[in-house]
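Chains as they are written, first to last, in the working numbering: chain A, 18 to 213; chain B, 65 to 185. The beta-carbon is built from N, C-alpha and C at its ideal position, and this holds for glycine as well.
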Amino acid sequence: MKFTQIPADLAATLAVNAGVLATAFVPSTGTLASDDIIGATTGGVSVTCVPSYTDFGEDVDNCPKNTKEMKQIESWECKMSGTFVTADTTVAKMLLGAADIDSIDTTKVTPRATIDSADFDDIWYICDYSNYNGATNGGFVAIKLIDALSSGGFSLQSTDKEKGQFAFEFIGHTSIDDPDTIPMEFYIQAGTAEPA
Amino acid sequence: MTKQEALYSFFSSFGIAAHEETNVDQSAEKPYLTYTYADDDFWGNQASIVVNLWYQTESNAAINAMVDTIAEAVGSGGKSIACDEGAIWIKKGSPFAQSLADDDPAIRRRYINLTAEFLTA
């Protein structure tokens, strides 16, 4: 069949496996410290970066809808969502968003009625990419959610004879000091062969 | 490298002889492994590949170490093997490894489940 084809570089341009969420990642070197992995997930991670448009020609007589010259971006919504199957107090604090870990009883996490600037923090999603996935030169797709804050709150779903599940949703935020910076960045690095 | 050559090269990289399951000489010296050959393309389903380890020994140490070596090579995310027109993505099956009894008590066997996804035209 004429159009039942795949790209010639298919194997070199596939993102594979579920990936991980981390608090830090160095895209220039592809370095991920295991201590920075936030938790184990189930069912993969959903990453979205979606613009909202305003069509200034919509109510103009004789102007067709979706005229490209009249389209303006109103905002971007950048999100990461999924389900953790592991949690500690740091994850519980992240899920709550506005919350504190007690300085004396470090097993205690308390939600807060107000948001602090320290509640916003960057979150990275990283997954394997391309047909070279070695420990040193493995390819990756890395996505940085800037100034993320939990928008889904804390949710624990337990099931008999199954692992507890902590659903999460984080939204990135633009700063009023830099309104033109969209709170998501993307890095796609093809892998290369490992040194012999 | 053809798919057949790529699979042979991968299974021969563990320091013991590798044979396609249907191509083992009766006089083959142990230890060795056998693997089922599978072939497909991007439009096919994942193919099952069975690896059998054969060791002539009364200890489990060496054969279990080889199971660990293969598990590490495949990794939790799988192993991509380059071949003509793309790659073969080898992944762990479930259960990954099981022991098998043999009539000869001096022969140790392990049965390893893998799957292969052919990212090829």
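Buried versus exposed, by CB contacts within 10 Å (16 or more), residue i
{"i": "V126 (chain A)", "result": "buried"}
{"i": "W107 (chain B)", "result": "exposed"}
{"i": "N109 (chain B)", "result": "exposed"}
{"i": "R224 (chain A)", "result": "In the structure displayed, chain A extends from 18 to 213; residue 224 (chain A) sits before or after that span and is not available."}
{"i": "G56 (chain A)", "result": "buried"}
{"i": "A104 (chain A)", "result": "buried"}
{"i": "T121 (chain B)", "result": "exposed"}
{"i": "T65 (chain A)", "result": "exposed"}
{"i": "A151 (chain B)", "result": "buried"}
{"i": "F203 (chain A)", "result": "exposed"}
{"i": "N79 (chain A)", "result": "exposed"}
{"i": "E181 (chain B)", "result": "buried"}
{"i": "F183 (chain A)", "result": "buried"}
{"i": "P24 (chain A)", "result": "exposed"}
{"i": "T58 (chain A)", "result": "buried"}
{"i": "A165 (chain A)", "result": "buried"}
{"i": "S168 (chain A)", "result": "exposed"}
{"i": "N150 (chain A)", "result": "buried"}
{"i": "Y119 (chain B)", "result": "buried"}
Neighbour list for residue i in chain B, Cβ cutoff strictly below 7 Å
{"i": "N79 (chain A)", "result": "Correct list: empty, because the minimum Cβ distance to chain B is about 49 Å."}
{"i": "L38 (chain A)", "result": "Those do not exist, as L38 (chain A) stays about 16 Å from chain B at its closest Cβ, beyond 7 Å."}
As assigned by DSSP and simplified to three states, the class of residue i
{"i": "L164 (chain B)", "result": "strand"}
{"i": "L178 (chain B)", "result": "strand"}
{"i": "K19 (chain A)", "result": "coil"}
{"i": "L112 (chain A)", "result": "helix"}
{"i": "Y142 (chain A)", "result": "strand"}
{"i": "K51 (chain A)", "result": "Before going further, note that residue 51 (chain A) is Ser rather than Lys in the sequence given. If DSSP states are grouped into helix, strand and coil, S51 (chain A) belongs with the helices."}
{"i": "I145 (chain B)", "result": "strand"}
{"i": "A57 (chain A)", "result": "coil"}
{"i": "V131 (chain B)", "result": "helix"}
{"i": "S77 (chain B)", "result": "coil"}
{"i": "V102 (chain A)", "result": "coil"}
{"i": "T86 (chain B)", "result": "coil"}
{"i": "S71 (chain B)", "result": "The displayed chain sequence assigns Leu, not Ser, to residue 71 (chain B). Correct three-state label for L71 (chain B): helix."}
{"i": "K156 (chain B)", "result": "strand"}
{"i": "L166 (chain A)", "result": "strand"}
{"i": "T107 (chain A)", "result": "helix"}
{"i": "T84 (chain A)", "result": "coil"}
{"i": "V64 (chain A)", "result": "strand"}
Chain C contact for residue i (CB, 9 Å cutoff)
{"i": "Q22 (chain A)", "result": "Although the question refers to chain C, the structure presented lacks it and instead comprises the protein chains A and B."}
Under 9 Å between C-beta atoms of residue i and residue j
{"i": "S163 (chain B)", "j": "Y175 (chain B)", "result": "yes"}
{"i": "F157 (chain A)", "j": "G189 (chain A)", "result": "no"}
{"i": "A39 (chain A)", "j": "I143 (chain A)", "result": "yes"}
{"i": "N177 (chain B)", "j": "I80 (chain B)", "result": "no"}
{"i": "E228 (chain A)", "j": "A152 (chain A)", "result": "Since the displayed chain A opens at 18 and closes at 213, residue 228 (chain A) lies outside it and no answer follows."}
{"i": "Y101 (chain B)", "j": "E85 (chain B)", "result": "yes"}
{"i": "S144 (chain B)", "j": "N148 (chain A)", "result": "yes"}
{"i": "K156 (chain B)", "j": "A135 (chain B)", "result": "yes"}
{"i": "A92 (chain B)", "j": "H83 (chain B)", "result": "yes"}
{"i": "G61 (chain A)", "j": "D145 (chain A)", "result": "no"}
{"i": "I90 (chain A)", "j": "S69 (chain A)", "result": "yes"}
Within chain B, partners of residue i - CB distance below 9 Å
{"i": "V33 (chain A)", "result": "G141, G142, S144, W153"}
Cβ-heavy atom distance, residue i to the ligand NAD, below 8 Å
{"i": "E136 (chain B)", "result": "The ligand NAD is not part of the structure shown, which contains no ligands of any sort."}
Under 8 Å from the C-beta of residue i: neighbouring residues of chain A
{"i": "A92 (chain B)", "result": "By Cβ distance, chain A contributes nothing, its closest Cβ being about 29 Å from A92 (chain B), past 8 Å."}
Residues that residue i contacts on chain A, provided the C-beta gap is smaller than 9 Å
{"i": "F106 (chain B)", "result": "I23, L27"}
{"i": "L183 (chain B)", "result": "I23, L27, A28, L31, N148"}
Chain-ordered neighbours of residue i on chain A, where CB pairs are closer than 7 Å
{"i": "G150 (chain B)", "result": "L27, A28"}
**OP:** Mind checking the stretch 47-74 of chain A against chain B and listing, in chain order, the residues whose C-beta falls within less than 9 Å of any C-beta there?
**Re:** none
**OP:** Could you list the residues in the stretch 141-161 of chain A with a C-beta less than 7 Å from some C-beta on chain B, going in chain order?
**Re:** Listed by position along the chain: D145, N148, N150.
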